[in-house]
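Student:
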Amino acid sequence: MSFKTKMIPLAGAIAFAFAGAAAAQDLVVKIGHVGPISGAIAHLGKDNENGAKMAIEELNAKGVMIGGKKAKFELLAEDDAGDPKQGTTVAQKLVDAKVNGVIGHLNSGTTIPASSIYNAAGIVQISPSATNPKYTQQGFKGAFRVVANDGQLGGTLGRFAVQINKAKKVAVIDDKTAYGEGVAAEFIKGAKGKGAEIVVQEHTTDKSTDFNAILTTIKAKKPDVIFFGGMDAVAGPMLRQMKALGITAKFMGGDGICTTDLTKLAGDAIGEGQVVCAEAGGVLEAQKKINDDWKAAYKKKFGIDVQIYAPYVYDAVMTMVDAMVQAKSAEPAKYLPFLAKIKHKGVTGDIAFDAKGDIKDGTLTLYTYKGGARELLQVVK
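In mature numbering (1 follows the signal peptide of the UniProt record, and there is no 0), the protein residues as written are -24 to -1, 1 to 357.
Next up, the structure:
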C-alpha cells in the first residue's frame, strides 16, 4: 500500500473531526408544534403546521445566532386530533423530548389541558389560535396567545348580530367543546347586552352529522339569527340541513367556521351573505401588503391558500425566537422574561402581551361569503 493511499483515510478522519467540532458549536433548538393533523379538522391543523414549517426553514436559512452560537432549529410536529386526551399525551411526549418551546395547540379543548403539563415542566407555550379565556386565566407564566380571546370575539359577534343584522330573536347551538361553549357564552352576553332575546339554546357534538331534530326545534322559534359555536366540519353539514328545512335565518359563528373550506363543506347552502363569521385576528390596512405577500409565499410553497391561522403560527414561532435572541439563551426560564415584555413586528401586526399572556390590542376580522368565496366585511380593533 502506497503512502498516498494511507494518507487518504487519515485526511478524511481529520476532516470529519473538524466537521464534528464545528457541528458541536451549533445550538440545537427544538420547537414543538401541535395541531389536529388527523380527523375532521385536519385541514386546519395542517395549515397551522405549514406555518410552523415556513418559520423554521426561514430561521435556519438566516443562520440565527443565540448567545454567540449558530442556532439550528428543529420542528417536532405532533398530532392531537383535536382530542383532549391525545393532546395531553403528545404534550408529555414533547416534554420528554426536552423541547425549548411549544407552538400550539389549535383548539382550546386541547390547549387548556396540555398547558398544565407544559407549565409543570417549565416549558413556554404560545397558542396561535386557542381563544377560550380560561387558557390564560390559570396563572401560568409561560402561557401566551397571539390572537384575541372569546370575550372579544363572541361579544363582537353578539353586538354585530343586533346592530348590523337587526336581530331580535336569536338561537344558539354549541358543540360542547371548550371552544364552542366558550364562544357561544360570550356571543350570548354580547347579543343580550344589545337587547336580543335568546329564544332557544341547543347542544350538539364536534362529531355529529345529523342536526334535523335541533334545527326543527329552532325553526319553530323563528329566529332572525342562528349562532353556532363550533368548527367548519360541523357547520357545513348544518347549513345544508338548514337549507333542506327551509330555514333562512342568518348563520353566525366564530373563527372555527371562518375558513375557506366552509364553501366546500356547505356547498350552495352557504347562501349569498347568509353567513357571518369572525376570525380571532386581523390585519389592519398598514399591515395588509406584508400579510398578503406572506400568504402569496405560502401558496407558492404549498400550492394551497391559507385557511386561517398559518400566519399566526409563523408569528408565534418568530416571536418566541426573538425572545431567545434577546435573552441570548434558548432555555425557557431565561427567555421567558424577555417574551413577557416582547415587542415583535410580525406578518399579522405588532405582537406584545399583557400580564396574563393575552395579546395586547388584539384585532378581529368579520367576514361573509359571496360567490362561493369568503369576503371581508370589516376589521375591528
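C-beta atoms are modelled at their ideal positions from N, C-alpha and C, and glycine is treated no differently.
Should residue 181 go down as buried or exposed, given a rule of 16 or more other Cβ atoms within 10 Å for buried?
Tutor: By the neighbour-count rule (16 or more Cβ atoms within 10 Å), residue 181 is not buried but exposed.
Student: Give every residue of the same chain whose Cβ lies closer than 7 Å to the Cβ of residue 199, excluding the five residues on either side of it in the sequence, and list them in chain order.
Tutor: Excluding residues within five positions, the ones whose Cβ falls inside 7 Å are 145, 146, 147, 175 and 225.
Student: Nearest to residue 178 by CA position, among 130, 194, 347 and 171, is which residue?
Tutor: Answer by Cα proximity: 194.
Student: For residue 386, count neighbouring Cβ atoms within 10 angstroms of its own Cβ and tell me buried if that reaches 16, exposed if not.
Tutor: Residue coverage of the chain in this structure runs from -24 to 357, which leaves residue 386 outside it and unanswerable.
Student: Taking residue 183 as part of the alpha helix (DSSP H), name the residues at either end of that continuous run.
Tutor: Neither: residue 183 is in no alpha helix (DSSP H) and is coded neither H nor E.
Student: Tell me which same chain residues have a C-beta within less than 7 Å of the C-beta of residue 18, skipping the five on either side of it?
Tutor: Here the set comprises 12.
Student: So if DSSP puts residue 339 in a beta bridge, which residue, or which two residues, is it bridged to?
Tutor: Note: residue 339 sits in no beta bridge, so no partner.
Student: Leaving out five residues before and five after residue 339 in sequence, what residues of the same chain have Cβ atoms less than 8 Å from its Cβ?
Tutor: Excluding sequence neighbours, residue 339 sits near 124, 257, 258, 259, 260, 325, 355, 356 and 357.
Student: With H, G and I counted as helix, E and B as strand and the rest as coil, what does DSSP make of residue 207?
Tutor: It is coil, neither helix nor strand.
Student: Tell me which residue opens and which closes the beta strand (DSSP E) that residue 278 is part of.
Tutor: Taken as a continuous stretch (DSSP letters only), residue 278 belongs to no beta strand (DSSP E), being part of the alpha helix (DSSP H) at 264 to 278.
Student: Sorted by chain position, which residues of the same chain lie with C-beta nearer than 7 Å to residue 22's C-beta, five sequence neighbours on each side aside?
Tutor: Counting only Cβ-Cβ distances below 7 Å, and skipping sequence neighbours, we find 13.
Student: Below 8 Å on the Cβ atoms is my guess for residue 79 versus residue 323; work out the distance and round it to an integer in Å.
Tutor: Wrong, their Cβ atoms sit about 15 Å apart, outside the cutoff.
Student: For residue 356, which of helix, strand or coil comes out of DSSP?
Tutor: Strand, per DSSP.
Student: Spatial neighbours of residue 132 within its chain, please: CB distance less than 8 Å, with the 5 preceding and 5 following residues excluded, ordered by chain position.
Tutor: Excluding positions up to five away in sequence, the list reads 166, 254, 340, 342 and 356.
Student: In chain order, what residues of the same chain lie with their CB nearer than 8 Å to the CB of residue 206, ignoring the 5 residues before and after it?
Tutor: Hits under 8 Å: 149, 150, 151, 153, 155, 156, 180, 182, 229, 232 and 233.
Student: Which one of 273, 201 and 265 has the shortest CA to CA distance from residue 386?
Tutor: No answer is possible for residue 386: it lies beyond the span of the chain, which begins at -24 and ends at 357.
Student: List the DSSP bridge partners of residue 350.
Tutor: DSSP output for residue 350 lists 345 as bridge partner(s).
Student: Tell me whether residue 45 sits in a helix, a strand or coil according to DSSP, three-state version.
Tutor: Strand at residue 45.
Student: Are the region 36 to 49 and the region 80 to 99 touching, with three or more C-beta to C-beta distances below 8 Å?
Tutor: As far as the Cβ criterion goes, the region 36 to 49 does not touch the region 80 to 99, which means the pair count is below three.
Student: Around the Cβ of residue 4, are there at least 16 other Cβ atoms within 10 angstroms (buried) or fewer (exposed)?
Tutor: Exposed: under 16 other Cβ atoms inside 10 Å.
Student: If you draw a straight line from the alpha carbon of residue -15 to that of residue 75, how long is it in whole angstroms?
Tutor: Because residue -15 carries a pLDDT of 38, less than 50, the predicted location of this residue cannot be relied on, and no value is offered for it.
Student: How far does the beta strand (DSSP E) with residue 8 in it reach, from first residue to last?
Tutor: Note, residue 8: beta strand (DSSP E), 3 to 11.
Student: What is the DSSP secondary structure of residue 217, reduced to helix, strand or coil?
Tutor: Helix.
Student: Is residue 283 helix, strand or coil by DSSP?
Tutor: Residue state, collapsed to three classes: coil.
Student: Does DSSP put residue 238 in a helix, in a strand, or in coil?
Tutor: Of the three classes helix, strand and coil, the one that applies to residue 238 here is helix, per DSSP.
Student: Quick check on the burial criterion: 16 or more other C-beta atoms within 10 angstroms. Buried or exposed for residue 296?
Tutor: Residue 296 should be labelled buried.
Student: From what residue to what residue does the alpha helix (DSSP H) around residue 25 run?
Tutor: 18 to 38 is the extent of the alpha helix (DSSP H) around residue 25.
Student: Please confirm whether residue 184 and residue 126 have their CB atoms less than 9 Å apart.
Tutor: In this structure, residue 126 does not lie closer than 9 Å to residue 184 by Cβ.
Student: Please state whether the Cβ-Cβ distance between residue 158 and residue 130 is less than 9 Å.
Tutor: In this structure, residue 130 lies closer than 9 Å to residue 158 by Cβ.
Student: Rounded to whole angstroms, what's the CA-CA distance from residue -1 to residue 32? Just pull it up for me.
Tutor: With a pLDDT of only 47 at residue -1, under 50, the local geometry of the prediction cannot be trusted, and the value read off the model is given with reservation. Going by the C-alpha atoms only, they are around 20 Å apart.
Student: Please determine, among 51, 306, 105 and 90, the residue with the shortest C-alpha to C-alpha distance to residue 45.
Tutor: Closest by alpha carbon: 306.
Student: Are the Cβ atoms of residue 215 and residue 350 separated by less than 9 Å?
Tutor: No; because the gap between Cβ atoms is not below 9 Å, this pair is not in contact.
Student: Got a sec? Which residues, its chain only, sit under 8 Å from residue 110 by beta carbon, not counting five neighbours each side?
Tutor: Around residue 110: 84, 88, 154 and 158.
Student: Helix, strand or coil for residue 53? Go by DSSP, reduced to three states.
Tutor: Correct three-state label for residue 53: strand.
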